[in-house]
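For the record, in the sequence shown the residue sitting at position 95 is 95 according to the UniProt record's numbering, with numbers rising by one throughout. Every residue gets a Cβ at the ideal spot worked out from N, C-alpha and C, and that includes glycine. Data first, discussion second: the structure below is written as structure tokens.
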Amino acid sequence: RSIFVAMMGSEDYLDAHERLTKLRLKKGQQPEVVRVLLECCGQEGVFNRFYALLAARLCESHREIKFTLHYAFWDEFKALPQLTLHRAANTARLLAVLIIKQALPLSVLKVVRWHSMSQRLLFFWQVFFVETLSQPRELFAKALHPLQEPEYSELRDGILLFSARHLKQLIATKHTALKQPLRLFDKLLAADGS
1 RSIFVAMMGS EDYLDAHERL TKLRLKKGQQ PEVVRVLLEC CGQEGVFNRF
51 YALLAARLCE SHREIKFTLH YAFWDEFKAL PQLTLHRAAN TARLLAVLII
101 KQALPLSVLK VVRWHSMSQR LLFFWQVFFV ETLSQPRELF AKALHPLQEP
151 EYSELRDGIL LFSARHLKQL IATKHTALKQ PLRLFDKLLA ADGS
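Spelled out as structure tokens, the structure:
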């Protein structure tokens, strides 16, 4: 309850971060911060960047929260078939901002099976990539640059497959302003760093 009050009673994400830090939570209580943050973000009618900014700040200042958030997203991926559309969309946007801000590593995406997806998973990842491509180009290029490394080859190939199957048509028909960022994105992924 005190975590919820600290978050929701704050003026902005910096105030929320300060209030949460003042709670002096023990390590066993820190996962609760992540749970409350994901729950509140998911319940919003539309995505609220407050949660992304707060999560990024918490990841920067609390390694345990960063670690917990990484695994919490893996749990969210498993739960996607049961999530409402707006919660899935908000969670996808939250993850996109955290990846772009480099608050979470790209390895959070390594568990995704890009070749076979339910409709809800497809929706989630389309929202994620539309949000990613909507960010300033230099930010998404920098955040996704590690995908050129050999250790990310399987993830890179999966994302390229997803882009070819599910992003190009979506962007061509519904998000035409993102055509150029998508070309840059595909070029970045096609550039093998090995």
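P81 by DSSP, collapsed to three states: which one?
Of the three classes helix, strand and coil, the one that applies to P81 here is helix, per DSSP.
Leaving aside the five residues before and after V34 along the sequence, list all residues of the same chain whose C-beta is less than 7 angstroms from its C-beta, in chain order.
So the qualifying residues of the chain are I65, T68, L69 and A72.
Can you list, in chain order, the residues of its chain whose CB lies under 7 angstroms from that of I100, leaving out five sequence neighbours each side?
Contacts found: T132, Q135, L139, F140 and A143.
Looking at A89: is its Cβ nearer than 9 angstroms to the Cβ of V127?
In contact: A89 and V127 (Cβ atoms closer than 9 angstroms).
Check D12 in the structure and name its three-state DSSP category.
DSSP places D12 in coil when its eight states are reduced to three.
Using C-beta distances below 6 angstroms, list every residue in its chain close to L106, excluding the 5 sequence neighbours before and after it, in chain order.
The answer, listed in chain order, is P146.
What are the uninterrupted segments assigned as beta strand (DSSP E) that are 3 or more residues long and contained completely in the segment 164-192, given in chain order?
Counting whole runs of 3 or more residues, the segment 164-192 contains no beta strand (DSSP E) stretch at all.
Please classify M7 as buried or exposed, where buried requires at least 16 neighbouring CB atoms within 10 angstroms.
Buried.
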